[in-house]
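Asks: Pasting a structure here, questions to come.
In UniProt numbering, the protein residues as written are 1 to 353.
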């Protein structure tokens, strides 16, 4: 299904004007990342303690709340009412998958960290494939294979480029996340940060990026290349961003103002009330509607974070440790969230072009 076809299907839920406004918001806020990269080049990276600020803000601003309407999006995209059964399905999903993954963190934190990176890669790639199709109209992603390749590229940018560009900081984050469960266990990940492994990632992932963009060019005619140009600009821009901005700061900004924002806009488009507000330019109304819907489960997610904080073997004693526990909580919540988004993708025909 092409971007236009998805757009026609979305007409049942959202007008072209509401989708256009959502696209402008997404692309506009995406420019903040370019500003951050330019500021880093011009003035250098801020002290480490300030680099944590976007991640800290994501507790309440976009980051944690962006998945807090999972119990509503599937009924809404299907045009069904929210029922106790639909709520129980999502609640059970979070309880079972979240609990199982939390247990992995306690029993095998190194494996849990690797799984976190892989799940995040897939999930953030999912989000960008949807945005390319819905907000950009990327008809060059006309096959399932091209969309899968785009998923690997877009999801790999925040996960793999920092590994190549900032191995010491990447290793520091891994050590902190693993260390709150088993101090010293993160040394098992040391080979990933060696020059040989990083060179392999650079060559292999760089080849995937080039292949994805080249095949996209092959699939477009000269007079219909604007969506492809946007794809190229975003992809290469993100390469430069993650190669320039230190990972802790880069991920925090990206999580809030790229990935989470785009998913929030997606949830608004499947909500008739928020979509109508977007159509009429009532952005504040749409945001208020989302905030109201997301508030209960955002509070529930905060309770999960507190539970993890109390349960970890090593009490967090520094800002870095506190953020590490937060990221573990995000990981636990992300796994069931990915399942919900995968079902949402299925409803939208993302993987049935």
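We put the beta carbon where it would ideally sit given N, CA and C, even for glycine. No experiment lies behind these values; they were computed from the predicted model shown.
If I follow the unbroken alpha helix (DSSP H) through residue 161, where does it start and stop?
Replies: That run of the alpha helix (DSSP H) goes 144-165.
Asks: Could you name each continuous alpha helix (DSSP H) segment of 4 residues or more that falls completely within the stretch 259-295, going from the start of the chain to the end?
Replies: Complete alpha helix (DSSP H) runs here, min 4: 261-269 and 272-279.
Asks: Measuring alpha carbon to alpha carbon, tell me which residue in 334, 258, 84 and 275 is nearest residue 113.
Replies: Checked all of 334, 258, 84 and 275; the closest Cα to residue 113 is 334.
Asks: In whole angstroms, what is the alpha-carbon distance linking residue 245 and residue 80?
Replies: If you take the alpha carbons of residue 245 and residue 80, they lie about 43 Å apart.
Asks: Would you mind stating whether residue 330 and residue 52 have Cβ atoms separated by less than 7 Å?
Replies: In this structure, residue 52 does not lie closer than 7 Å to residue 330 by Cβ.
Asks: According to DSSP, simplified to helix, strand and coil, what is residue 15?
Replies: Note: residue 15 maps to coil in three-state DSSP.
Asks: On a Cα-Cα basis, can you pick out the residue from 281, 286 and 265 that is closest to residue 273?
Replies: Considering only alpha carbons, the answer is 286.
Asks: Let me make sure I understand the geometry here. Which of 126, 234, 110 and 200 has the alpha-carbon closest to that of residue 176?
Replies: If we check each option's Cα against that of residue 176, 110 comes out closest.
Asks: From residue 185 to residue 128, what distance separates their C-alpha atoms?
Replies: Residue 185 and residue 128: Cα-Cα distance of roughly 33 Å.
Asks: Beta-carbon within less than 6 Å of residue 252's beta-carbon, same chain only, minus the 5 sequence neighbours each way: which residues are those?
Replies: Excluding sequence neighbours, residue 252 sits near 54 and 55.
Asks: Below 8 Å on the Cβ atoms is my contact criterion, and I expect residue 267 with residue 69 to pass it. Report the Cβ-Cβ distance as a whole number of Å.
Replies: At roughly 5 Å, the Cβ-Cβ gap stays under 8 Å, so residue 267 and residue 69 are in contact.
Asks: Please classify residue 3 as buried or exposed, where buried requires at least 16 other C-beta atoms within 10 Å of its C-beta.
Replies: Caution applies to residue 3, whose pLDDT of 44 falls short of 50 and renders its modelled position unreliable; the model cannot decide the point.
Asks: DSSP three-state call for residue 194: helix, strand or coil?
Replies: Coil.
Asks: Near residue 18, which residues of its chain fall below 6 Å by C-beta distance, leaving aside the five closest residues on each side in sequence?
Replies: Within the same chain, residue 18 has close Cβ partners 275, 278 and 279.
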